[in-house]
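Each remark here refers to the structure printed beneath this line.
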Amino acid sequence: MLADRYYMRREPFRINWSATLVLLVINVVVFLLQLVVGRFSHFPIDDYFALSVEGLRHGFVWQLLTYQFMHGNWIHLLLNCWAIYVFGQEVELTLGRKSFLTLYFSSGIAGGLLQTLAALLWPKLFGAAVVGASAAAFGLVAAFAMLYPERPLMLLLFFIIPLNMPAKFLLLFSAVLAGFGLVAGSDNIAHAAHLGGMITGIIFVRYAIHWHWPSLKRSPAPSVRRLATVPPRNSAGRGPRPAVDADDLPPEEYLAREVDPILDKISAQGIHSLTPSERRILETAREKMARR
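Start counting the sequence shown at 62; every next residue gets the next number (my numbering).
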């Protein structure tokens with residue numbers, strides 16, 4: 062009898078292997094492999110897998126992908142993983158796993174290409190090999206700011222001073238910082254890659270994502286709202302038709318009825334406020350949009 066009471070029930074421990082978590086694990090594992098290879102062998106890992114103009118000239122195009130999982134030191138790794146964890150969770154939940162991964166790797170590749178262009182134009186300033194997930198992480202920051210521009214964020218300026226700002230101002234500050242660093246140069250930071258990642262995140266959410274997730278526009282037609290609340294009459298005009306199950310609704314009406322309130326809740330209270338049933342609704346919505 063005790064097991065029937067809600068306070069005695071225990072959910073089994075499960076790890077939710079989201080794409081965000083998988084990316085974090087891969088980044089850590091690859092960095093550990095870097096340390097092992099550098100410590101116990103003479104294999105030139107940077108020559109083959111870090112992004113460089115010389116490597117691309119030799120046809121090592123895979124560097125545009127592999128450099129995203131390599132890091133210079135523990136601090137570099139921790140900062141990038143922190144950004145991926147903080148912004149990646151909500152971006153993945155909103156966009157879905159497929160669109161999230163497309164955004165992530167597109168930001169990393171675009172940032173790498175822009176950094177390579179800077180290295181070609183100013184080889185003395187930006188000619189060094191590039192490693193790190195920063196471009197992809199800044200793509201997530203930009204996407205988050207585009208999706209939730211007014212979401213308040215608390216940052217530690219210089220890791221000491223607490224500073225509150227909306228997400229859109231964080232994006233603006235990051236872009237200005239990257240632009241200034243690109244002009245100044247010589248600080249051993251891939252500012253062009255950061256800027257390329259941010260531009261990709263903005264473009265992806267502003268244009269590409271609307272092809273897959275129309276409800277982000279948050280402007281359903283009034284007739285859709287009316288259909289969701291007023292039962293329509295049957296063909297003979299003798300009374301309302303039987304209620305239609307939400308799972309049987311067309312994608313647009315399903316998004317308006319079921320998904321928009323959940324997205325509003327995420328924007329106001331955060332992803333962790335969702336109940337299991339609300340998470341299932343989001344999964345169903347993604348499946349409906351994928352079948353279109």
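Ideal Cβ positions, reconstructed from N, Cα and C, are used throughout, including at glycine.
Model, not experiment: these values are computed from the prediction.
### Simplified DSSP state of residue 191, which is helix, strand or coil
Residue 191 sits at position 130 when you count from the first residue of the sequence shown. In this structure, residue 191 counts as strand in the three-state DSSP scheme.
#### Entry: Alpha-carbon spacing of residue 127 relative to residue 90, whole angstroms
For the purposes of this step, residue 127 is taken as the residue at position 66 of the sequence shown. For the purposes of this step, residue 90 is taken as the residue at position 29 of the sequence shown. For residue 127 and residue 90, the distance between alpha carbons rounds to 13 Å.
### Message
With H, G and I counted as helix, E and B as strand and the rest as coil, what does DSSP make of residue 141?
### Response
The count along the sequence shown starts at 1 and reaches residue 141 at position 80. Residue 141: helix per DSSP, three-state reduction.
### Query
When the distance is taken between beta carbons, is residue 162 closer than 8 Å to residue 88?
For the purposes of this step, residue 88 is taken as the residue at position 27 of the sequence shown. For the purposes of this step, residue 162 is taken as the residue at position 101 of the sequence shown. Their beta carbons are not under 8 Å apart, which means residue 88 does not touch residue 162 by this criterion.
### Query
Taking all protein chains shown into account, do 16 or more other C-beta atoms lie within 10 angstroms of the C-beta of residue 252, making it buried, or fewer, making it exposed?
Counting from 1 along the sequence shown, the entry for residue 252 is found at position 191. The residue in question, residue 252, is buried, as its Cβ has 16 or more Cβ neighbours within 10 Å.
### Query
For residue 257, which of 120, 176, 339, 109 has the nearest alpha-carbon?
Taking the sequence shown and counting its residues from 1, the one referred to as residue 257 is at position 196. The candidate whose alpha carbon is nearest that of residue 257 is 176.
### Query
Apart from the five residues just before and just after residue 129, which ones in its own chain have a Cβ nearer than 6 Å to its Cβ?
Here residue 129 refers to the residue found at position 68 when the sequence shown is read from its first residue. Correct list, in chain order: 169, 194, 197.
### Task
Check whether the Cβ atoms of residue 171 and residue 81 lie closer than 8 Å to each other.
Reading the sequence shown from its first residue, position 110 is the one you call residue 171. Reading the sequence shown from its first residue, position 20 is the one you call residue 81. Their beta carbons are not under 8 Å apart, which means residue 171 does not touch residue 81 by this criterion.
#### Entry: C-alpha distance - residue 153 paired with residue 235, whole-angstrom precision
Position 92 of the sequence shown, counted from the first residue, corresponds to residue 153. Position 174 of the sequence shown, counted from the first residue, corresponds to residue 235. Computed Cα separation, rounded: 21 Å.
### Message
Quick check: the Cα distance between residue 335 and residue 228, rounded to an integer number of angstroms?
### Response
Position 274 of the sequence shown holds residue 335. Position 167 of the sequence shown holds residue 228. About 21 Å.
### Task
Can you say whether residue 131 is buried or exposed, counting buried as having 16 or more other CB atoms within 10 angstroms of its CB?
What you label residue 131 is simply residue 70 of the sequence shown in a count that begins at 1. Per the 10 Å Cβ criterion, buried.
### Query
Considering only the beta carbon of each residue, do residue 113 and residue 124 sit closer than 8 Å?
By one-based count along the sequence shown, residue 113 stands at place 52. By one-based count along the sequence shown, residue 124 stands at place 63. Their beta carbons are under 8 Å apart, which means residue 113 touches residue 124 by this criterion.
### Task
Excluding the 5 residues preceding and the 5 following residue 99 in the sequence, name in chain order all residues of the same chain whose CB lies nearer than 8 Å to its CB.
For this step, residue 99 is matched to residue 38 along the sequence shown. For residue 99, where only same-chain residues beyond five positions count, the Cβ hits under 8 Å are 106.
### Whole-Å CB distance - residue 347 paired with residue 157, under 8 Å assumed
Translated into the one-based positions of the sequence shown, residue 347 becomes position 286. Translated into the one-based positions of the sequence shown, residue 157 becomes position 96. That belief holds up - the Cβ atoms of residue 347 and residue 157 are roughly 5 Å apart, short of 8 Å.
### Task
Alpha carbon to alpha carbon, how far is residue 206 from residue 214? Give it in angstroms, no decimals.
For this step, residue 214 is matched to residue 153 along the sequence shown. For this step, residue 206 is matched to residue 145 along the sequence shown. When rounded, the distance between both Cα atoms is 10 Å.
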